[in-house]
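Working notes, beginning with the structure itself.
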């Protein structure tokens, strides 16, 4: 299984990826003045292991 340490590492990697995506020109142009919620959701098998909004 995935340890808590591995889960935290995956969360950090996913958070960085979400931030890069949110900062891209195409996303900024698409969302314009609306609020973009940056979410990281990690599943461990069929179970949701983590779901957090990235600031």
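Numbering (this note's numbering), first residue to last: 1 to 55.
Backbone N, C-alpha and C define an ideal beta-carbon position, used for all residues, glycine too.
Residue 14: first and last residue of the uninterrupted alpha helix (DSSP H) it sits in: In this chain, the alpha helix (DSSP H) harbouring residue 14 covers 4-22.
Residue-level contact to chain D via CB, residue 36, 9 Å cutoff: Of the protein chains in this structure there is only one, and it is not chain D.
Endpoints, the alpha helix (DSSP H) within which residue 29 is located: Bounds of the alpha helix (DSSP H) holding residue 29 are 25-31.
Secondary structure of residue 39, DSSP reduced to three states: Reduced to three states, the DSSP call for residue 39 is strand.
Test item: CB-CB of residue 38 and residue 22 under 9 Å: The answer is yes: Cβ separation under 9 Å.
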